[in-house]
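**Q**
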Amino acid sequence: MTGDALHFHYDVDGNNFTSAGEASVQVKRTLRQMGYHPDLIRRISVAMYEGEINMVIHAKGGDADVYVTPDCITVILKDVGPGIKDINLAMQEGYSTAPDNIRSLGFGAGMGLPNMKRYSDELKIDSVVGVGTTIEMKFKSA
Amino acid sequence: MTIREIAERINAVVYADPDRLDEDLTGAFGSDMMSDVLAFAENRDVLLTGLLNPQIVRTAHMLDMQCIIIVRGKTATPEIKTLAAQNDIVLMETQMTMYEASGRLYEGGLGR
Ligand SMILES: Nc1ncnc2c1ncn2[C@@H]1O[C@H](COP(=O)(O)OP(=O)(O)O)[C@@H](O)[C@H]1O
Ligand SMILES: [Mg+2]
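Take a look at the structure:
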């Protein structure tokens, strides 16, 4: 993404479940300071939080990048984790490969990707098994 | 229902700015699965949960929820308390089960 986009970058630590979500918290704070509508901010922060949690529990962390242009906010989550074998299956509500120890932490209900689709205006998943996953979400702001 | 009334109905210990006790909250959702909270709790102010880790605060914060009620007699960790305070989220602890606490709040009109 080029041009006049504002760009924010965050490292998502894959070894620390406790800190998972900190990038989303910061994005929420930044978007509030920029004066966006609370409903839009909520959609963006929930969707990004789901994606950030996924990077921590399914991959080994990664990079989160947020681009802000006058009419759109784009969130890109990139990891070099195991990849997703069957994206259609992964998109189904309730489908999860998360182990029990993740479920006991409150995640792994298989609602993350469906939530990301529901809360964003556009969701693109690019994933190669053994290479990694890149998720791009767009939110129209105008 | 005000924060004060919520606390009274479920006999809760409250960690909040005293100035907020008369603030009115609407809607509630109860679950130990944060994924379900993220899917179903939009536009509700109160989260009831028996889960004890910092992600309960982040989940509530992402959804703009105002209050977390920890059920089944569990005690909030210092980390949870700090995070909640940082994000202006009221924290409560009740001895009641999620079923009983939810029932009492629903009966009192919260989320109805
Ligand atoms: N970043 C990722 N890397 C590898 N696999 C992923 C990633 N994100 C999601 N998945 C796969 O897609 C499934 C569904 O994801 P999701 O809907 O968020 O549910 P959950 O995280 O609760 O398992 C996951 O269980 C996992 O198999
Ligand atoms: Mg998930």
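Line by line, the protein sequences give chains A and B. By the numbering used here, the letter at position 124 of the first sequence is numbered 124, and the numbering carries on one by one without gaps. If you want the numbering used here, it's the 1-based position in the second sequence plus 142. All C-beta atoms in this analysis are idealised placements derived from N, C-alpha and C, irrespective of residue type, glycine included. Just so it is clear, the structure is predicted and the values come from calculations on it, not from any experiment.
#1: Between S127 of chain A and I84 of chain A, how many whole angstroms is the CB-CB distance? I'm expecting something under 8 Å.
#2: Using alpha carbons as the reference points, say which of A:A142, A:K60, A:P114 lies closest to V131 of chain A.
#3: Determine, using beta carbons only, whether R10 of chain A and R200 of chain B come nearer to each other than 8 Å.
#4: Put F107 of chain A into one of helix, strand or coil per three-state DSSP.
#5: N54 of chain A: beta carbon under 7 Å from a heavy atom of ligand 1?
#6: Should the segment 209–226 of chain B be regarded as contacting the segment 185–201 of chain B, the criterion being three or more beta carbon pairs within less than 8 Å?
#7: Are the Cβ atoms of D174 of chain B and G106 of chain A separated by less than 8 Å?
#8: Can you name the residues of chain B whose CB is closer than 9 Å to the CB of P99 of chain A?
#9: So S127 of chain A is in the beta strand (DSSP E); what residue range does that whole segment cover?
#10: Would you identify the three-state DSSP class for I211 of chain B, choosing helix, strand or coil?
#11: Note down, in chain order, each residue of its chain lying with its Cβ closer than 6 Å to the Cβ of A142 of chain A, except the 5 sequence neighbours on either side.
#12: Would you mind sorting S104 of chain A into buried or exposed? The rule is 16 or more other CB atoms within 10 Å of its CB.
#13: Quick one: Cα of L225 of chain B to Cα of T18 of chain A, how far?
#14: Report whether the distance from the Cβ of S96 of chain A to the nearest heavy atom of ligand 1 is below 7 Å.
#15: Who does G132 of chain A pair with in a DSSP beta bridge?
#16: Following a CB-centred definition, is D178 of chain B positioned closer than 7 Å to any heavy atom of ligand 1?
#17: Roughly how many whole angstroms lie between the Cα atoms of E165 of chain B and M143 of chain B?
#18: Between the alpha carbons of I44 of chain A and D79 of chain A, how many angstroms are there, rounded?
#19: Is the number of C-beta pairs between the segment 146–158 of chain B and the segment 14–31 of chain A that are closer than 8 Å three or more?
#20: Which residues in the same chain as S244 of chain B place their Cβ atom closer than 8 Å to its Cβ, once the five residues preceding and following it in sequence are excluded?
#21: Tell me whether E93 of chain A counts as near ligand 2, meaning its Cβ is closer than 7 Å to at least one heavy atom of that ligand.
#22: Among the candidates A:D100, A:I102, A:N115, A:F139, whose CA atom is the shortest distance from the CA of E93 of chain A?
#23: Please list the partners that K78 of chain A has in chain B, where partner means a Cβ-to-Cβ separation under 7 Å.
#24: Are any of the Cβ atoms in chain A nearer than 8 Å to that of Q197 of chain B?
#25: Quick one: residues in its chain with C-beta nearer than 6 Å to the C-beta of G112 of chain A, no 5 flanking neighbours on either side, listed in chain order?
**A** In brief:
#1: Walking along the first sequence from the start, residue 127 of chain A turns up at place 127. Walking along the first sequence from the start, residue 84 of chain A turns up at place 84. Confirmed, Cβ separation roughly 4 Å.
#2: By 1-based counting over the first sequence, the position of residue 131 of chain A is 131. Among A:A142, A:K60, A:P114, the Cα nearest to that of V131 of chain A is on A:K60.
#3: For the purposes of this step, residue 10 of chain A is taken as the residue at position 10 of the first sequence. For the purposes of this step, residue 200 of chain B is taken as the residue at position 58 of the second sequence. The residue asked about is misnamed: residue 10 of chain A is Tyr in this sequence, not Arg. No, Cβ-Cβ distance for Y10 of chain A and R200 of chain B is not below 8 Å.
#4: On the first sequence, residue 107 of chain A is found 107 positions in, with the first residue counted as 1. F107 of chain A: coil per DSSP, three-state reduction.
#5: For the purposes of this step, residue 54 of chain A is taken as residue 54 along the first sequence, with counting starting at 1. Checking every heavy atom of ligand 1 against the Cβ of N54 of chain A, one is found closer than 7 Å.
#6: yes
#7: Residue 174 of chain B sits at position 32 when you count from the first residue of the second sequence. Residue 106 of chain A sits at position 106 when you count from the first residue of the first sequence. The answer is yes: Cβ separation under 8 Å.
#8: For the purposes of this step, residue 99 of chain A is taken as the residue at position 99 of the first sequence. What P99 of chain A touches in chain B: nothing, since even the nearest Cβ is about 14 Å away.
#9: On the first sequence, residue 127 of chain A is found 127 positions in, with the first residue counted as 1. S127 of chain A -> beta strand (DSSP E) spans 122–128.
#10: Within the second sequence, the letter at position 69 stands for residue 211 of chain B. Note: I211 of chain B maps to strand in three-state DSSP.
#11: For the purposes of this step, residue 142 of chain A is taken as residue 142 along the first sequence, with counting starting at 1. These residues qualify, in order along the chain: D71.
#12: For the purposes of this step, residue 104 of chain A is taken as residue 104 along the first sequence, with counting starting at 1. Exposed: under 16 other Cβ atoms inside 10 Å.
#13: Against the second sequence, residue 225 of chain B aligns to sequence position 83. Against the first sequence, residue 18 of chain A aligns to sequence position 18. Each residue's Cα considered, the two are about 11 Å apart.
#14: In the first sequence, the residue the question calls residue 96 of chain A occupies position 96. Because some heavy atom of ligand 1 lies under 7 Å away, the Cβ of S96 of chain A counts as near it: yes.
#15: Position 132 of the first sequence, counted from the first residue, corresponds to residue 132 of chain A. Looking at the DSSP assignment, G132 of chain A forms a beta bridge with A:V128.
#16: For the purposes of this step, residue 178 of chain B is identified with residue 36 of the second sequence, where counting begins at 1. Incorrect: D178 of chain B has no Cβ contact closer than 7 Å to ligand 1.
#17: The residue you call residue 165 of chain B lines up with position 23 of the second sequence. The residue you call residue 143 of chain B lines up with position 1 of the second sequence. Their Cα atoms are separated by approximately 8 Å.
#18: By one-based count along the first sequence, residue 44 of chain A stands at place 44. By one-based count along the first sequence, residue 79 of chain A stands at place 79. For I44 of chain A and D79 of chain A, the distance between alpha carbons rounds to 19 Å.
#19: no
#20: Locating residue 244 of chain B in the second sequence gives position 102, where the first residue counts as 1. A170, G172, L190, listed in sequence order.
#21: Taking the first residue of the first sequence as 1, we reach residue 93 of chain A at position 93. It does not: the Cβ of E93 of chain A is nowhere closer than 7 Å to a heavy atom of ligand 2.
#22: In the first sequence, counting from the first residue as 1, residue 93 of chain A sits at position 93. Comparing Cα positions, the closest option is A:N115.
#23: Taking the first residue of the first sequence as position 1, residue 78 of chain A is located at position 78. Under the 7 Å cutoff, chain B gives no residues; its nearest Cβ is about 21 Å from K78 of chain A.
#24: Along the second sequence, one-based indexing puts residue 197 of chain B at 55. With 8 Å as the cut-off, Q197 of chain B counts as an interface residue toward chain A.
#25: Along the first sequence, read from residue 1 onward, the residue named residue 112 of chain A stands at position 112. The residues are E50, N54.
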